[in-house]
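**Student:**
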Amino acid sequence: MPSAPGAKKNAPVDGPERARLQAALRTTLHAADLDVRERPRKTDSAEVYVHGEFVGTVSADEDEGAVLTMSILDIDLEGEE
Numbered sequence: 130m131p132s133a134p135g136a137k138k139n140a141p142v143d144g145p146e147r148a149r150l151q152a153a154l155r156t157t158l159h160a161a162d163l164d165v166r167e168r169p170r171k172t173d174s175a176e177v178y179v180h181g182e183f184v185g186t187v188s189a190d191e192d193e194g195a196v197l198t199m200s201i202l203d204i205d206l207e208g209e210e
């Protein structure tokens, strides 16, 4: 997966940063069961889960923030009209 626009290449998303991002995302998205988890073999981003289901990745941003990248599949949109 390519880096999100504005994401710092190889900027670490370590344990304290994951905890900070998780708290911010839980508050912003009103999702108490959202988890930000370490990625296997990657340190420049973390995985985001809601209800235990993978929903996207988060990486450091060059403007001292973070970028959340989330894909929504057609199958997820079925019946949402």
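Residues are numbered in our numbering as their position in the sequence shown, beginning at 1, plus a constant of 129.
Ideal Cβ placement from N, Cα and C applies to all residues, glycine included.
#1: Can you tell me whether ALA161 is buried or exposed? The criterion is at least 16 other CB atoms within 10 Å of its CB, across all chains shown.
#2: Please state whether the Cβ-Cβ distance between SER188 and VAL179 is less than 8 Å.
#3: Which ranges does the alpha helix (DSSP H) cover as unbroken runs of at least 4 residues, wholly within the segment 137 to 161, from first to last along the chain?
#4: By Cβ distance, which residues of its chain are closer than 7 Å to ARG168, with the 5 residues on each side in sequence left out?
#5: With respect to the alpha helix (DSSP H) encompassing ASP205, which residues constitute its N-terminal and C-terminal limits?
#6: Along the beta strand (DSSP E) that carries GLY185, what are the first and last residues, could you check?
**Tutor:** Taking the geometry as given:
#1: exposed
#2: no
#3: 144 to 158
#4: SER174, ALA175, GLU176
#5: 203 to 206
#6: 182 to 189
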